[in-house]
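K.L.:
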Amino acid sequence: MNLSEHVATQFRGVYFGGNWTSVNLKESLTDVTWQHAITKVQTFNTIAVLVYHTTYYVSAVLQVLQGEPLQAKDAYSFNHPPILAQEDWENLLDKTWTDAELFAGLIERLLESKLWEDFSDKKYGTYYRNIHGIIEHTHYHLGQITLIKKMLLLADNK
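Residue 1220 is where the sequence shown starts when you use the working numbering, and the numbers rise one by one after that.
#1: For residue 1340, does the three-state DSSP call read helix, strand or coil?
#2: Counting only runs of 4+ residues fully inside the region 1272-1296, write out the alpha helix (DSSP H) ranges in chain order.
#3: Give me the Cβ distance between residue 1233 and residue 1221, rounded to the nearest whole Å; I'm assuming they're in contact under 8 angstroms.
#4: Just grab the DSSP bridge partners of residue 1240 for me.
#5: So residue 1368 and residue 1247 are in contact, right, with Cβ under 8 angstroms, and what is the actual spacing, rounded?
#6: Return helix, strand or coil for residue 1249, following the three-state DSSP convention.
#7: Look at residue 1183 and residue 1314 and say whether their C-beta atoms are less than 8 angstroms apart.
#8: In chain order, what residues of the same chain lie with their CB nearer than 7 angstroms to the CB of residue 1256, ignoring the 5 residues before and after it?
#9: I'd like to check one pair, residue 1321 with residue 1270: are the Cβ atoms closer than 8 angstroms?
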């Protein structure tokens, strides 16, 4: 297995399972309703916002991997479309899983030498830095999602 395949495996692990932490986004979100997804807990972002936020960066880098220019702006990374029903929530989740699988597939097929090239612009560092950063970023927000979900379930059981 080359480095690109290892990185794709790490990415798939945080999204779909099989990682060292034994926690992944898909399983963690399986039983989250749209109402829980948009419920604000204290001053934290909602689960929906965090899912959109992580997907935003995957989608942005996915476009670059597909040969498009980088079009992301950090200021837009928390601005998800309204979630007013279960269908809206499921659409966000479907996009998340689809983009994640496309992303992993493209990473897997990258020549290892490409990982060490500048990503889009030299100021962003290498492809490796950006892809691995997305994996770290997703683990970080997955932890938040897990805690918010637990808080919501505790509140429901009171």
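We put the CB at the ideal spot given by N, CA and C, even for glycine. All values reported here derive from a predicted model rather than from experimental measurement.
P.N.:
A quick look at the data gives this:
#1: coil
#2: none
#3: Not really, about 20 angstroms apart at Cβ, beyond 8 angstroms.
#4: For residue 1240, which the question treats as bridged, DSSP gives no partner whatsoever.
#5: 7 angstroms
#6: coil
#7: Beyond the ends of the chain as shown, which are 1220 and 1377, falls residue 1183; an answer cannot be given.
#8: 1265, 1266, 1267, 1302 and 1308
#9: no
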